[in-house]
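Worksheet: the structure to be examined is printed underneath.
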Amino acid sequence: MLLGAVGLHEHRAIFLDALLARDSARARQTIERALDQGTPVPDLYLGVLDPALREVGHRWAMGELNVAEEHYATAVAQSILDGLSRRLHRAPRDGRLAVVTGTPGEQHALGARMVADFLEADGWEVLLLGPGAPAADVVALVEHEQPDLVALSTATAGALDGVAEILAALAALDPKPFLVAGGQFWTATTRSTAFELGADHVEDDPRALVAELYIRVPPP
Ligand code: B12
Numbered sequence: 062m063l064l065g066a067v068g069l070h071e072h073r074a075i076f077l078d079a080l081l082a083r084d085s086a087r088a089r090q091t092i093e094r095a096l097d098q099g100t101p102v103p104d105l106y107l108g109v110l111d112p113a114l115r116e117v118g119h120r121w122a123m124g125e126l127n128v129a130e131e132h133y134a135t136a137v138a139q140s141i142l143d144g145l146s147r148r149l150h151r152a153p154r155d156g157r158l159a160v161v162t163g164t165p166g167e168q169h170a171l172g173a174r175m176v177a178d179f180l181e182a183d184g185w186e187v188l189l190l191g192p193g194a195p196a197a198d199v200v201a202l203v204e205h206e207q208p209d210l211v212a213l214s215t216a217t218a219g220a221l222d223g224v225a226e227i228l229a230a231l232a233a234l235d236p237k238p239f240l241v242a243g244g245q246f247w248t249a250t251t252r253s254t255a256f257e258l259g260a261d262h263v264e265d266d267p268r269a270l271v272a273e274l275y276i277r278v279p280p281p
C-alpha cells in the first residue's frame, strides 16, 4: 500500500517535470511505465494528471508560467487523458443515465471529462456535453433525455451567474434529476451556496460521487 503511494508520487513528479520541460514524449512514457507497473487508470487521473495540472495552474497564477506554457501542458494532459480513457475498464451499463457538463461560461473541460469516465466505469450511461453549453440548451436536453443525474462542473467564480441559472432551471424540472455540483469552485466556504441554488449534493471527488450515488440514485 505504502509502496504504491510512493510510486504514484514519483510518477506525478516525473510527469510534471516532463510537462514543464515541454517534453510530451517523456510525459507519455511516464504514464505508460505507470500502467506497465499496474497503476490503475483512475489512480493516474486523480494521482498524476489532476495534481500536475493544479501545479501548472499554481505556477501560472504565480507568474512562473505564461499562458502558452499552461496551454501546452493542458493540451498534452488532455491527449493523454483521451488515451487513458480508452483503456479504462467500463462495467456493463446498469440502466442509470447521467448528463455531465460544465456550467454555462465554464471553459475548464478536464474535470467534467474525468467525472464522466468515473461514472461510465461504474456502469452509468453518460452524455458528456463538455464545457460551457448554454443553460437553456442543457435544460432542453435534460428534459428530453430525463437522466437520473446531472453532474455540473464549476472551476471558476466568474461562472457563478451561469451556475445559478442552470441550477434553478434544472431544479424546477419534473421529474427532477439528482443534481450534483462539483469542481474547484465549491469549497467549504462556497458549498452552501450550491444547495441554496438547488443542488442536491456537492462533491469534489469523482470516486466519492460514484459511492454516494449507490445510496442516492441506486441502480434499478
Ligand atoms: C487548464 C486551465 C485552464 C484552461 C482550460 C482548458 C480546458 N480545455 O479545460 C483555460 C485556458 C481555458 C483556462 C481558463 C481560465 N482559467 Co484556468 N486553469 C486551468 C488549470 C491550469 C488546469 C485545469 C484542470 O484541467 N485541472 C485538472 C482537472 C482534472 O481538475 P478539476 O477541473 O478541478 O476537476 C477535478 C475535481 O475538481 C473534480 N470535479 C470537477 N468537476 C466536477 C464535477 C462533479 C460533479 C464532481 C463530483 C467532481 C468534479 O474532479 C476532477 C478530478 O479530481 C487550472 C489549475 C487547477 N488548479 O486546476 C486553472 C484554474 C482553474 N483557472 C483559473 C482561472 C483564474 C482561469 C481564468 C479566469 C483565467 C483568465 N483570466 O482568463 C479562465 C476562466 C475561463 C472560464 N470562463 O472558465 C484558476 C481558477 C481560480 C478560481 N478559483 O477562480 C485556476 C485554479 C488557476 C489558478 N491557480 O489560479 N484555464
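This note's numbering numbers the first residue of the sequence shown as 62 and each following residue consecutively.
Every residue, glycine too, gets a C-beta built ideally from N, C-alpha and C.
query	result
Cβ-heavy atom distance, glutamate 131 to the ligand B12, below 7 Å	yes
Threonine 297 CB to nearest heavy atom of the ligand B12 below 7 Å	The first residue shown for the chain is 62 and the last is 281, placing residue 297 beyond what the model contains.
Valine 187 versus aspartate 209: straight-line alpha-carbon distance, rounded	10 Å
Straight-line Cα distance separating methionine 175 from alanine 113	15 Å
Beta bridge counterpart(s) of alanine 134 as assigned by DSSP	Bridge partners of alanine 134: none, in fact.
Own chain partners of glycine 163 with C-beta closer than 6 Å, once the 5 adjacent residues on each side are dropped	Ala173, Pro192, Gly193 and Ser214
Span of the alpha helix (DSSP H) around valine 199	196-206
Close beta carbons around glutamate 226, own chain, < 6 Å, minus the five adjacent residues each side	Ala196
Segment contact flag, the region 121-131 with the region 85-96, C-beta cutoff 8 Å, min 3 pairs	no
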